[in-house]
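A short write-up of the structure that comes next.
In the numbering used here, the protein residues as written are 46 to 149.
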């Protein structure tokens, strides 16, 4: 819709997430999967949607907002921190993949 209305997209700011805390053994796998769905895969879907347009423009910036939870851990936060660590690595790899296309 943005492309249709504006003709281009220059910036994507991904800032979504939630945490559900508890002991690894107590958090249901379905809950852990939902955290990954929101904190990683939701952002990844948007990235996949905008990259082709930004590549065609030869410009664009993607900002993935993570949290300190992607750098350090807290008690009972294993699942949340796993999603944020994954987002950090995803963002690092994305940076390398799009650099040759003039994207940041």
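Even glycine gets a Cβ: it sits at the ideal position worked out from N, Cα and C.
Buried versus exposed call for residue i [16 or more other C-beta atoms within 10 Å across all chains shown]
| i | result |
| --- | --- |
| residue 61 | exposed |
| residue 69 | exposed |
| residue 56 | exposed |
| residue 119 | exposed |
| residue 114 | buried |
| residue 59 | buried |
First and last residue of the uninterrupted beta strand (DSSP E) at residue i
| i | result |
| --- | --- |
| residue 57 | 56–59 |
| residue 107 | 106–109 |
For residue i, the first and last residue of its enclosing alpha helix (DSSP H)
| i | result |
| --- | --- |
| residue 129 | 123–143 |
| residue 81 | 74–81 |
| residue 48 | 47–51 |
Cross-strand partners of residue i (DSSP beta bridge)
| i | result |
| --- | --- |
| residue 148 | 105 |
Cβ-Cβ separation, residue j to residue i (assumed contact under 8 Å), whole Å
| i | j | result |
| --- | --- | --- |
| residue 85 | residue 131 | 5 Å |
Taking 8 Å as the cut-off, does the segment 71–83 touch the segment 103–112 (at least 3 CB pairs, one atom from each stretch)? no
Count the C-beta pairs between the segment 140–147 and the segment 86–103 that are closer than 8 Å, then say yes if the count reaches three, no if not. yes
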